[in-house]
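Chains as they are written, first to last, in my numbering: chain L, 2 to 96; chain S, 2 to 96.
C-beta atoms are modelled at their ideal positions from N, C-alpha and C, and glycine is treated no differently.
There are 2 protein chains.
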Amino acid sequence: MSNETHDTVFIGKKPLMAYVTSALIQLANVPSVNIKARGLSIGRAVDVAQIIARKTENAGYTIGEIKIDSELLESQDGRSRNVSTIEIEIKRSTS
Amino acid sequence: MSNETHDTVFIGKKPLMAYVTSALIQLANVPSVNIKARGLSIGRAVDVAQIIARKTENAGYTIGEIKIDSELLESQDGRSRNVSTIEIEIKRSTS
Numbered sequence: 002m003s004n005e006t007h008d009t010v011f012i013g014k015k016p017l018m019a020y021v022t023s024a025l026i027q028l029a030n031v032p033s034v035n036i037k038a039r040g041l042s043i044g045r046a047v048d049v050a051q052i053i054a055r056k057t058e059n060a061g062y063t064i065g066e067i068k069i070d071s072e073l074l075e076s077q078d079g080r081s082r083n084v085s086t087i088e089i090e091i092k093r094s095t096s
Numbered sequence: 002m003s004n005e006t007h008d009t010v011f012i013g014k015k016p017l018m019a020y021v022t023s024a025l026i027q028l029a030n031v032p033s034v035n036i037k038a039r040g041l042s043i044g045r046a047v048d049v050a051q052i053i054a055r056k057t058e059n060a061g062y063t064i065g066e067i068k069i070d071s072e073l074l075e076s077q078d079g080r081s082r083n084v085s086t087i088e089i090e091i092k093r094s095t096s
């Protein structure tokens, strides 16, 4: 086990609720989790964050800092192109 | 003309550069612009913000506050469902 306080959930092609569950399990152990995605998965990362924030409204976790960036990836034809990324922090409410 | 200092670019199905141009034109007149999108267009909103930030790196505009939320929309079958939204502020660099 690491002593980092930030764990990361990387959004891919699984059903949304798989990532919601994974983030909630991590949040039981650490105070905040980062949800990361790039390219076409960015919208799904926002969905996951919103589902967690909405379903735990009273309990509760809230959305923290949101960062966007871009990464240079090499595509299959050998050319490099920029892909947008997002990182959404989910943390325990301090109220 | 309004005296608001925040203008908005709503991301839809046009080519990305149409929104980049539209945002840059608004930024010539106001200090900050919000780029808004929902659902499947969220990734494209991040792309537009990143293109502006990257291409004007020295000039320059930077990414400000980013907010995510969800809206209740009625789908065609009459049921209501939540759609995620994003709002990305682009503003003049203060450096």
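In chain order, what residues of the same chain have a beta carbon less than 8 Å from the beta carbon of residue i, not counting five sequence neighbours either side?
i, result
"residue 47 of chain L", "87 and 89"
"residue 17 of chain S", "45, 48, 49 and 52"
"residue 79 of chain S", "none"
Report the rounded CA-to-CA distance for residue i versus residue j, giving the unit in angstroms.
i, j, result
"residue 25 of chain S", "residue 42 of chain S", "19 Å"
"residue 14 of chain L", "residue 38 of chain L", "11 Å"
"residue 22 of chain L", "residue 29 of chain S", "45 Å"
"residue 71 of chain S", "residue 56 of chain S", "30 Å"
"residue 50 of chain L", "residue 64 of chain L", "7 Å"
"residue 93 of chain L", "residue 34 of chain L", "10 Å"
"residue 61 of chain S", "residue 81 of chain S", "41 Å"
"residue 27 of chain L", "residue 66 of chain S", "26 Å"
"residue 20 of chain S", "residue 85 of chain L", "16 Å"
"residue 59 of chain S", "residue 59 of chain L", "44 Å"
"residue 91 of chain S", "residue 91 of chain L", "23 Å"
Compare the C-alpha of residue i against each of the options and name the closest.
i, options, result
"residue 83 of chain L", "S:91, S:84, S:54 and S:73", "S:54"
"residue 74 of chain S", "S:31, S:20 and S:40", "S:40"
Going by beta carbon distance, what residues of the same chain come within less than 6 Å of residue i, once the five residues before and after it are set aside?
i, result
"residue 36 of chain S", "10, 46, 49, 50 and 89"
"residue 69 of chain S", "87"
"residue 76 of chain S", "82"
"residue 8 of chain S", "27, 31 and 34"
"residue 12 of chain S", "20, 38, 42, 45 and 46"
Given the structure, does residue i come close to the ligand PLP, in the sense that its CB is under 8 Å from one of the ligand's heavy atoms?
i, result
"residue 65 of chain S", "No copy of the ligand PLP occurs in the structure displayed, which carries no ligand at all."
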